[in-house]
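Residue numbers (the UniProt record's numbering): 1 to 124. C-beta atoms are modelled at their ideal positions from N, C-alpha and C, and glycine is treated no differently.
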Amino acid sequence: MKCPCSPQKDYADCCEPYHLGAAAPSAEILMRSRYSAYVLNKTNYLYKSWSQSTRPTKKSLKQDQANQWLGLEIIRTEQGTVLDSQGVVEFKASYLGDGGVHSLHEISRFIRENTRWVYLDGEY
Ligand SMILES: [Zn+2]
């Protein structure tokens, strides 16, 4: 199976290891694995990879799974490497919604929490 975040890669070589518990080495990779988790309805992973200070309840995450996601495009990254404690990833994600294809454009902030990258919040 191809990875939802990147049609050139196999899921097993891309986001699956993170869904199985490996630590994402960069903010961008964490962002990709979270996009794939949305596509694959991995609510637990979305919950675990979200900062404790900003994450929604598991119940509301489960209810938030209506979109059919079509693709991810990373536009820009700032910091977020192995050397950083925070990072920014700007991306566009397209999805099928009411009336056709829509695009979500977000600038997401990531931080390290207990040595692991987690999603903090985003601006649209
Ligand atoms: Zn992937």
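- Taking a cut-off of 8 Å for Cβ pairs, the region 96-107 and the region 15-33 do not touch, as fewer than three such pairs fall below it.
- If only complete runs of 3 or more residues are kept, the region 10-97 shows the beta strand (DSSP E) at 68-79, 86-97, in order along the chain.
- In this chain, Gly99 is not harboured by any beta strand (DSSP E), its DSSP state being neither H nor E.
- Distances from the CB of Lys9 to the heavy atoms of ligand 1 include at least one below 7 Å.
- The alpha-carbon of Asp10 is positioned some 31 Å away from that of Thr57.
- Pro4 sits in coil when the DSSP states are folded into three classes, being neither helix nor strand.
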